[in-house]
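As you go down the protein sequences, you meet chains A and B in turn.
Going from the first sequence to my numbering is simple: count from 1 and add 602.
Going from the second sequence to my numbering is simple: count from 1 and add 13.
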Amino acid sequence: MITIKYDGTFEGFLTVVFECYNQKLEPGVILGEGRGQGVLFSESMFVETNLEKGNRVWNGIQKRLPQELNQLPYKLFLSELDDIEMKLFQFLQKLFDSEMDIENDFGDPNTLYLRKLGRKVNFEAMRMLQFVRFQKTRDNIYFATIQPQYDVIPLIINHFKSRFADQYWLIYDLKRDYGIYYDLDKVEEITLNKKQFHPLNGKVHKNILQEKEEEYKTLWKDYFQHINIKERKSLKVQRQHMPRRYWKFLPEVS
Amino acid sequence: MSKPVQEKLKILADAAKYDVSCASSGSNRQNISKGIGSGVACGICHSFTQDGRCISLLKILMSNHCIYDCAYCINRKSNDRPRATFTVEELTSLTINFYRRNYIEGLFLSSGVVKNPDFTMERMMMVAKKLRLEENYNGYIHLKAIPGASEELIRQAGLYADRLSINIEIPTEQQLKKLAPEKDFKGVFVPMGLIRQGIIQNKEERRKFRKAPLFTPAGQSTQLIVGATPESDRQILMLASGLYGKQQLKRVYYSAYLPVNSYDQRLPAIEGPPLLRENRLYQSDWLMRFYKFQANEILNENQPFLDPDVDPKLAYALGNLHLYPVNVNTADYEMILRIPGVGVQSAQRIIMSRRHRKLNSMHLKKIGVVLKRAKYFITCNELPVYTKDLMPERLKHQILLESTNKRRNPLDTQLSLFAGFNQALPAAPKMLKP
Numbered sequence: 603m604i605t606i607k608y609d610g611t612f613e614g615f616l617t618v619v620f621e622c623y624n625q626k627l628e629p630g631v632i633l634g635e636g637r638g639q640g641v642l643f644s645e646s647m648f649v650e651t652n653l654e655k656g657n658r659v660w661n662g663i664q665k666r667l668p669q670e671l672n673q674l675p676y677k678l679f680l681s682e683l684d685d686i687e688m689k690l691f692q693f694l695q696k697l698f699d700s701e702m703d704i705e706n707d708f709g710d711p712n713t714l715y716l717r718k719l720g721r722k723v724n725f726e727a728m729r730m731l732q733f734v735r736f737q738k739t740r741d742n743i744y745f746a747t748i749q750p751q752y753d754v755i756p757l758i759i760n761h762f763k764s765r766f767a768d769q770y771w772l773i774y775d776l777k778r779d780y781g782i783y784y785d786l787d788k789v790e791e792i793t794l795n796k797k798q799f800h801p802l803n804g805k806v807h808k809n810i811l812q813e814k815e816e817e818y819k820t821l822w823k824d825y826f827q828h829i830n831i832k833e834r835k836s837l838k839v840q841r842q843h844m845p846r847r848y849w850k851f852l853p854e855v856s
Numbered sequence: 014m015s016k017p018v019q020e021k022l023k024i025l026a027d028a029a030k031y032d033v034s035c036a037s038s039g040s041n042r043q044n045i046s047k048g049i050g051s052g053v054a055c056g057i058c059h060s061f062t063q064d065g066r067c068i069s070l071l072k073i074l075m076s077n078h079c080i081y082d083c084a085y086c087i088n089r090k091s092n093d094r095p096r097a098t099f100t101v102e103e104l105t106s107l108t109i110n111f112y113r114r115n116y117i118e119g120l121f122l123s124s125g126v127v128k129n130p131d132f133t134m135e136r137m138m139m140v141a142k143k144l145r146l147e148e149n150y151n152g153y154i155h156l157k158a159i160p161g162a163s164e165e166l167i168r169q170a171g172l173y174a175d176r177l178s179i180n181i182e183i184p185t186e187q188q189l190k191k192l193a194p195e196k197d198f199k200g201v202f203v204p205m206g207l208i209r210q211g212i213i214q215n216k217e218e219r220r221k222f223r224k225a226p227l228f229t230p231a232g233q234s235t236q237l238i239v240g241a242t243p244e245s246d247r248q249i250l251m252l253a254s255g256l257y258g259k260q261q262l263k264r265v266y267y268s269a270y271l272p273v274n275s276y277d278q279r280l281p282a283i284e285g286p287p288l289l290r291e292n293r294l295y296q297s298d299w300l301m302r303f304y305k306f307q308a309n310e311i312l313n314e315n316q317p318f319l320d321p322d323v324d325p326k327l328a329y330a331l332g333n334l335h336l337y338p339v340n341v342n343t344a345d346y347e348m349i350l351r352i353p354g355v356g357v358q359s360a361q362r363i364i365m366s367r368r369h370r371k372l373n374s375m376h377l378k379k380i381g382v383v384l385k386r387a388k389y390f391i392t393c394n395e396l397p398v399y400t401k402d403l404m405p406e407r408l409k410h411q412i413l414l415e416s417t418n419k420r421r422n423p424l425d426t427q428l429s430l431f432a433g434f435n436q437a438l439p440a441a442p443k444m445l446k447p
């Protein structure tokens, strides 16, 4: 058993998988930089990220998983859970070693855990499509802040890019301190050094928003109030579908 | 004369809220030409109101002026309510600006009938046309087709909309005549048939020419009011089943009757909307659409109404105990779907996993099966809990007793044995708590 360290990127993790097979290593812990805690008194090594080796592993995965699941390992990695690397490694080992469709073996605890986690990550990405709220700034950028449970930004780029193709927009993850910006042509990853919003709740000062912005927010709130049927009140169902942790970003309820 | 947009929005949202449908699913419209908007096949809900219903679309009336006087409708002519009408420009601007902020998934436009059906339909169609052609908008549009509107107008509406719907509202024509003398079933089913034909034709065309324009790609839907008239659940389900089959509808919505015009003597006096009945109907609807049930399996000739105590699938199992227990390791998919406590997802997981190993109840629990219900109806690798000699009534009682349903105490029809002795006894035994 050996502790393997890598740079914390997905490509880095795939390289680790490659080296484990190549050098016949038996990892006890796989540790990304800045993630989790190492084990005392255990032998450790660092694996340098190598795109070519990573790609070979990725292609191998693609050959073995059906199309609807071919992004699963990446999505699981985006969950950022502490022990996800080892669980993923064990899953990949099975995937490479077995002839069966082990990804559908829900009787296996590790597989079941990962498939459920995969659904959770998908769900969180969906929640971003639902609950992102743009505000239009004076420099004509539609701006939104988010705080997803998992690092789902890579999963939502395509949706926003194709849907809002004719407007500048910026979605910023407060928790991970990076965002994506669309300039009518391509989407870029950015980190803002000088922030014009509250770093915790994403509130933007009125001065940098367009005058009409407040008006539309009010219209939206009015609509939200008036489409509600009082006789059918059911706050529990409301919270079930729209958990409280998203509310601070939603003008209609905050 | 003209009210500000904010006033109109309040009045016309209020007037539109009794329409249940808010689905934005079924359309995969692409964002061509770098405009704004796209369809997502599974639909996206953007918010949820205090009643727990989703807001996916900007659901609004074009106008709540109406020439009709239907007893069940809040917007009937004889009601003294604030009235308003949106212009085409106001509606498109509102839709686009909400859409750009990711508030909504699209527009659901309905309307009271102003002047005549053609006049109303044309104005609604104009909104959709302006959004598509002038605003370069590719998001979702759901239009209500107005009964009695001309064929040509409905065809044009279908070219710009993703979904069209015509509400039947009252499940039998006889009752409809009573509550809405100006309407009849012909006015509903003729345009419904037209749209169905349009959709079939369009599918054919698109098979030949990939770029042929879309016609109502998300299909059509309708709504039935439950509890305003004396129809039985069986009548409603048979009607819905026919609509899914013959008319090829995508969705039938059920709306618990809200006494909005309680002064009207033709309507029943009720305290609140029959929400439980509505819920049971939706559950049955799900059984028909996703669980491969037929309407007459859910309710046969001798059962006019659904059981309020248990969900329709459990009721079916209790009425057909000879089909159970089901062996989860060998039964086919259709039968596994019929086990109470097993959903579509668990059923699929069972089918896939049992090729790898024999499943026992621990596996089932982890997979997501609700064993509390399922255990009476399955055998897995272990001894079955269920015994054949248990009578359906006993079994139902047993299951109700174990359910943690907070809405209703399963024992509340019986006298409590220890009611008068609470103080003399130590804490009530745990088993007796529901």
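Beta carbons: idealized from backbone N, C-alpha and C, even for Gly.
{"Check": "Kindly list the residues whose CB is nearer than 6 Å to the CB of residue 298(B), restricted to its own chain and excluding five residues on each side of it in sequence; keep chain order.", "Outcome": "none"}
{"Check": "What do you reckon, are the CB atoms on residue 271(B) and residue 31(B) nearer than 8 Å?", "Outcome": "yes"}
{"Check": "Tell me whether residue 40(B) is buried or exposed, calling it buried when 16 or more other Cβ atoms sit within 10 Å of its Cβ.", "Outcome": "buried"}
{"Check": "Start and end of the alpha helix (DSSP H) containing residue 376(B)?", "Outcome": "374-380"}
{"Check": "Tell me which residue opens and which closes the beta strand (DSSP E) that residue 26(B) is part of.", "Outcome": "Counting along the chain, residue 26(B) falls outside any beta strand (DSSP E), though it belongs to the alpha helix (DSSP H) covering 18-29."}
{"Check": "Check the DSSP bridge columns for residue 237(B) and list the partner residues they point to.", "Outcome": "182(B) and 267(B)"}
{"Check": "Indicate whether at least one CB of chain A lies closer than 8 Å to the CB of residue 121(B).", "Outcome": "no"}
{"Check": "Contact criterion: CB-CB distance below 8 Å. Does residue 14(B) meet it with respect to chain A?", "Outcome": "Unreliable placement is indicated for residue 14(B), whose pLDDT of 43 sits below 50; the coordinate value is still reported in the next sentence. No, its Cβ sits nowhere closer than 8 Å to a Cβ of chain A."}
{"Check": "According to the Cβ coordinates, are residue 232(B) and residue 263(B) closer than 8 Å?", "Outcome": "yes"}
{"Check": "Mind pulling the chain A residues with CB within less than 7 Å of residue 379(B)?", "Outcome": "714"}
{"Check": "Just mark residue 802(A) as buried or exposed, buried being the case when its beta carbon has 16 or more other beta carbons within 10 Å.", "Outcome": "exposed"}
{"Check": "Quick check on the burial criterion: 16 or more other C-beta atoms within 10 angstroms. Buried or exposed for residue 10(B)?", "Outcome": "Here chain B comprises residues numbered 14 to 447, so residue 10(B) is not present and cannot be evaluated."}
{"Check": "Could you work out which residue in 764(A), 807(A) and 781(A) is closest to residue 738(A) when comparing CA atoms only?", "Outcome": "807(A)"}
{"Check": "Just to confirm, are residue 293(B) and residue 319(B) a CB contact at a threshold of 8 Å?", "Outcome": "yes"}
{"Check": "With a threshold of 8 Å between beta-carbons, can residue 760(A) be considered close to chain E, or not?", "Outcome": "No chain E is present in this structure, whose protein chains are A and B."}
{"Check": "Short of 7 Å in beta carbon distance, which residues of its chain neighbour residue 390(B), apart from the five on each side in sequence? Order them along the chain.", "Outcome": "330, 337, 338, 339, 352, 353 and 399"}
{"Check": "Between the stretch 624-635 of chain A and the stretch 604-615 of chain A, do three or more beta carbon pairs fall short of 8 Å?", "Outcome": "yes"}
{"Check": "In angstroms with no decimal places, state the Cα-to-Cα distance between residue 219(B) and residue 155(B).", "Outcome": "21 Å"}
{"Check": "For the beta strand (DSSP E) containing residue 824(A), name the first residue and the last one.", "Outcome": "From DSSP, residue 824(A) is part of no beta strand (DSSP E) but of the alpha helix (DSSP H) over 813-828."}
{"Check": "How many angstroms separate the CA atom of residue 268(B) from the CA atom of residue 35(B)?", "Outcome": "13 Å"}
{"Check": "Grab the span of the beta strand (DSSP E) containing residue 157(B) for me, first residue to last.", "Outcome": "153-157"}
{"Check": "Could you pull the DSSP bridge partners for residue 395(B) from this structure?", "Outcome": "Paired residues: none, contrary to the question."}
{"Check": "Mind the definition here: the stretch 810-827 of chain A touches the stretch 746-765 of chain A only if three or more C-beta pairs lie below 8 Å; say whether that holds.", "Outcome": "no"}
{"Check": "Closer than 9 Å, Cβ to Cβ, to anything on chain A: give me those residues from the stretch 274-290 of chain B, in chain order.", "Outcome": "285, 286 and 288"}
{"Check": "So, for residue 677(A): in the same chain, excluding its five sequence neighbours on each side, which residues have a beta-carbon less than 6 Å away from its beta-carbon?", "Outcome": "720 and 723"}
{"Check": "Please report whether the beta-carbon of residue 404(B) lies at a distance below 8 Å from any beta-carbon of chain A.", "Outcome": "no"}
{"Check": "Along the chain, where does the alpha helix (DSSP H) that runs through residue 617(A) open and close?", "Outcome": "612-624"}
{"Check": "Just mark residue 55(B) as buried or exposed, buried being the case when its beta carbon has 16 or more other beta carbons within 10 Å.", "Outcome": "exposed"}
{"Check": "Output needed in chain order: residues of the stretch 354-369 of chain B with a Cβ under 7 Å from some Cβ in chain A.", "Outcome": "362, 365, 366 and 369"}
{"Check": "Determine, using beta carbons only, whether residue 426(B) comes closer than 8 Å to chain A.", "Outcome": "Note that residue 426(B) scores 44 on pLDDT, short of 50, meaning its location in the model is unreliable; the coordinates nonetheless yield the value given after this. It does not: the Cβ of residue 426(B) has no partner Cβ on chain A nearer than 8 Å."}
{"Check": "List the DSSP bridge partners of residue 781(A).", "Outcome": "774(A) and 792(A)"}
{"Check": "According to a CB-to-CB cut-off of less than 8 Å, which residues of the stretch 51-69 of chain B neighbour chain A?", "Outcome": "51, 53, 57, 58, 59, 60, 61, 62, 63, 64, 65, 66, 67 and 68"}
{"Check": "Excluding the 5 residues flanking residue 301(B) on each side, which residues of the same chain have their C-beta closer than 8 Å to its C-beta?", "Outcome": "250, 253, 254, 257, 307, 308 and 311"}
{"Check": "Residues in the same chain with beta-carbon distance under 7 Å from residue 562(A), minus the five sequence neighbours each way, listed in chain order, please.", "Outcome": "The displayed coordinates of chain A run from 603 to 856. Any statement about residue 562(A) would go beyond what the structure contains."}
{"Check": "Among 111(B), 342(B) and 201(B), which residue has its Cα nearest to the Cα of residue 363(B)?", "Outcome": "342(B)"}
{"Check": "In the DSSP assignment, find the unbroken beta strand (DSSP E) run with residue 646(A) in it and report its ends.", "Outcome": "646-648"}
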